[in-house]
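Structure first, then comments.
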Amino acid sequence: MAGTLWFQTAVLLCFLRGALGAGARLYTEEDPLVILSSSSLKPTVSNSSSAWLVQFYSSWCGHCIQYSSTWKALAQDVKDWDQAIGVAVLDCAQEENFDVCKEYGIHFYPTFRYFRAHGRPDDQGTTYRGADREIQTVRQLMVNFLQNHTKLDWPDLCPPLEPYSSAELLPLLGQRSDHYTAVIIEEPDSYVGREVILDLLQYSGVVVRRALAADRPLLDTLGVTAFPSAYLLLPNGTHTQLAVQKRLRFFFSSLLRLLPGVQRRARRGGGGDGGHTGALTGRPSSEAWRDFDSSQVYLADLESALHYLLRVELATHSTLEGEELKTFKDFVTIVAKLYPGGGSVVKLMDTLLEWLLSLPLDRIPYQAVLDLVDNKMRISGVFLGAELRWVGCQGSRVGLRGYPCSLWTLFHVLTVQHDAMPNALENTALEDEAAPVLQVMRRYIRTFFGCEQCGRHFEQAAADSLHRVQSREQQIVWLWNQHNMVNNRLAGSLSEDPLFPKAPWPSPALCASCHEEKDGVHVWNQENVLSFLRKHYGAGNLSPKYSVTPQHLPAPPAPPSRPQEDRLGGGRGGRAGAGGGGGAGGEKQPEKTRGAEEQPAAPQQVERTAVQEAAGLSGGAGPAGGAGPAGGAGPAGGAGPAGGAGRGGVWALALGFNSVDMSLCVLLYVCSCLFLMLLFFFFRVRSRRWKLRHNRPFV
Ligand SMILES: Cc1cc2nc3c(=O)[nH]c(=O)nc-3n(C[C@H](O)[C@H](O)[C@H](O)COP(=O)(O)OP(=O)(O)OC[C@H]3O[C@@H](n4cnc5c(N)ncnc54)[C@H](O)[C@@H]3O)c2cc1C
Ligand SMILES: *[C@@H]1O[C@H](CO)[C@@H](O)[C@H](O)[C@H]1NC(C)=O
Ligand SMILES: *[C@@H]1O[C@H](CO)[C@@H](O)[C@H](O)[C@H]1NC(C)=O
Ligand SMILES: *[C@@H]1O[C@H](CO)[C@@H](O)[C@H](O)[C@H]1NC(C)=O
């Protein structure tokens, strides 16, 4: 019951987004298509290196308004084909476009026109007159239209779409090459092969061909019996059938894109080339690559996120007050209550939270927060590694991935944890919020996240639809959906790491049952996505590999009343006990893991390298200047023995009061003195009055 209910609302959520936008402009620059006008139509479509499909619409026509969401979905679906055939719109209701629509003889809206590549300037295109305007139909028409080109006007970058014969393909077997060759073998009326060829158009390192199921010699040699199938010729001369769970276009395309060495090519426009070469000359990552398993989530990434957030990003705010302070408090609350594992990080966040809540000040210096994060008071069991150790968030070079990746990961984990522990936020200020994790994330991103443009986008999305999130499941799904929209938007942009291309997530390799096809269009199975997210970001899938933070609380002072934590802590302990990373993938580098678990590096030393590293991390996130104040704060003495205290289990709360504690003491002392004095004067005055009043008659 509840399941179907949220499912419906989630679907509704997606539709409402489209409908809401319709009030203003039907299409915006954010949509994955080209918006044409009277001045740009002809230069764009005539003598173009690619073919074009243009929808002439009118913003007042109800039909066009209804159809716009389909058109956007089509444009998204064939976004990667745009070097062969582009998708565009032109609004005939705009005054400046009246003339051009008349010139092109547009009588009805919407009108669909195909323009051939290398067409003459007087080419007015071919009108599509079919009744069916569904995505699959139009997409197949685009393929047919491309194939209608002759050798002479063939779009420059469009690969051949005709089937290859066994005579052409069989000689390739056993040959070495600098790329993969994938052969899609299919029935003649299937479009899968041609669609996959076009899907891979912008990727280097792989060439896709199609062949027909009627080609006996080919089938006999390769042993292919089911269609469509993909057969893969590897660069080293070996060949194998590509294993797909479902014989769908989306599965073939995503598997081919994720082959090692296959990369998205630099974009033609947008200064892609210059940007990429410039980027490549950047400082290469000096660190050794850490092997990881993309089906796991790494604690090292979460800890690095918190380290960067608390010690670098926050450091750009020298004092926290008002909205900032509230946001920070809420963030600390969420992490303290929901961060899985109950280890020293939770202890730190708990301490920080207690301190923030007990503080009577409405403005606190950042330095005080830093002192606590660095555990200057040497509270036993409190520790947060002061090192950026990206694992699942490693980039192929400095400036890619890292912090923003880990921040996404952290919030995904928190939404899933909130769902797993419904009561965790009881008795906090966030208890009554409908989507507390998302609201806190929204406020955090808006207030502190260094990437300003990201903040604006996220705020827009949150303002549009966050109020519709009413349950913990919807929270998980909303964030997943939002993240995929960002992935879609950023695919092919400069901030994309070529080794980690942005794509709809989870890929079929991670979750085959998450993907389906409906009327020839890829759709998500949202219920399966939800259960996948619960599993993937659940406490059971967190790997301690490479983590510098001890996973056990060092003995006695157990935090009061956190039952969930005990349960999780037990699980973690069991796993670690099984032998230093005995969990999935652990066997690859056991020594390293064990070393990391046993001895957290001396914080002071680590701290400096971490800050240096942070300063070099100039990417999209976090203004580079942000590292400045942290650098200043880093070497401040006193942090030395913290590592020892964390390990040795010396319960030393009384030992090292820091400046904030001292000033609080003084404040308290002064207050109580004042109070006593007030009391004293009050009673003196009262007793004098009393004497005056009562003594007179007797005198
Ligand atoms: C709130 C926010 C807004 C941002 N907005 C922008 C922006 O507007 N412009 C910009 O250039 N950059 C933006 N970024 C940064 C950008 O989204 C990436 O984080 C960055 O480019 C690094 O990408 P990545 O390849 O490491 O993968 P990320 O997108 O950071 O993803 C990290 C990991 O999460 C998993 N994942 C991927 N997709 C999903 C999903 N849908 N659901 C659950 N898990 C998933 C994968 O394992 C992936 O490796 C934003 C970041 C954040 C946190
Ligand atoms: C079309 O473009 C090509 C180069 O892309 C150019 O050589 C040719 O002259 C152009 N033809 C017309 C008619 O503009
Ligand atoms: C392809 O060309 C044929 C013959 O010229 C024509 O009948 C058909 O409509 C064209 N198809 C498309 C999609 O343009
Ligand atoms: C060819 O490469 C694949 C994958 O990279 C590998 O599994 C296989 O062993 C290699 N074969 C040879 C003969 O090198």
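In mature numbering (1 follows the signal peptide of the UniProt record, and there is no 0), the protein residues as written are -21 to -1, 1 to 678. In this text, a Cβ means the ideal position worked out from N, Cα and C, and glycines have one as well. If you're wondering where the values come from, they're calculated on a predicted model, not measured in any experiment.
The C-alpha of R95 is placed about 8 Å away from the C-alpha of D132. In the structure shown, the three-state DSSP call for V171 is helix.
Burial is judged here by how many other beta carbons sit within 10 angstroms of a residue's own beta carbon; F231 has at least 16 and is buried. Closest in C-alpha terms to S233, from the list T219, L180, D199, comes L180. As summarised for the region 58 to 96, the continuous beta strand (DSSP E) elements at least 3 residues long and confined to that stretch are 64 to 70, 90 to 94, given in chain order. The region 122 to 165 contains, as complete beta strand (DSSP E) runs of 3+ residues, the segments 159 to 165 (chain order). Bounds of the beta strand (DSSP E) holding F35 are 30 to 36. Cβ neighbours of R368 within its own chain (closer than 7 Å, five residues either side excluded): A279, S283, Y525, V527. Contact annotation, R188 with L148: C-beta distance approximately 7 Å; criterion of less than 8 Å satisfied. For K225, no alpha helix (DSSP H) segment is defined, and its DSSP state is neither H nor E. Under DSSP, S183 takes part in a beta bridge, and its partners are Q242. Taken from the Cβ of F124, at least one heavy atom of ligand 3 lies inside 7 Å.
By the Cβ neighbour-count rule, P339 is exposed, with fewer than 16 other Cβ atoms within 10 Å of its own. Set against 7 Å, the gap from the CB of N215 to the closest heavy atom of ligand 4 is smaller. A distance criterion of 7 Å places the beta-carbon of L32 beyond contact range of ligand 3, judged by its closest non-hydrogen atom. Around the beta carbon of F77, fewer than 16 other beta carbons lie within 10 angstroms, which makes this residue exposed. The Cβ atoms of V66 and V79 lie no closer than 8 Å to each other. In the three-state reduction of the DSSP assignment, L211 falls in the strand class.
Nearest neighbour of L177 by Cα position, chosen from E303, V122, L478, L197, turns out to be V122.
Between L445 and R421, the gap from beta carbon to beta carbon is short of 8 Å.
Note: R342 is bridge-paired with E300 in the DSSP secondary-structure output. In the three-state reduction of the DSSP assignment, Y318 falls in the coil class. The Cβ atoms of Y182 and R243 sit closer than 8 Å to each other.
Checking the DSSP bridge columns, you'll see S522 partnered with Y277. Ranked by how close their Cα comes to the Cα of G172, the residues P196, L235, G216, A146 have L235 in first place. Per DSSP, the unbroken beta strand (DSSP E) holding V13 starts and ends at 13 to 15. Spanning the alpha carbons of E410 and C433 requires a straight line of approximately 28 Å.
Judged by beta-carbon spacing, Q55 lies beyond the 8 Å limit of S29, meaning their Cβ atoms are not closer than that value.
Between the beta-carbon of L393 and that of L509 there is about 16 Å, and that puts the pair past the 8 Å contact cut. Between R447 and the set H436, A294, M464, E412, the nearest pair of CA atoms involves E412. Under the three-state reduction of DSSP, W457 is assigned to helix.
In its chain, beyond the 5 residues on either side, S145 have a beta carbon closer than 6 Å to the beta carbon of D194. Taking non-hydrogen atoms of ligand 1 into account, the C-beta of C372 is found less than 7 Å away from one of them.
Counting only residues of its own chain and dropping the five nearest sequence neighbours on each side, L332 has a CB closer than 8 Å to the CB of K308, V311, T312, A315. Shortest Cα-Cα distance from S16 to any of Q73, R108, W39, E82 involves Q73.
Comparing C-alpha distances from E475 to each of N460, D498, S375 shows the shortest one belongs to S375.
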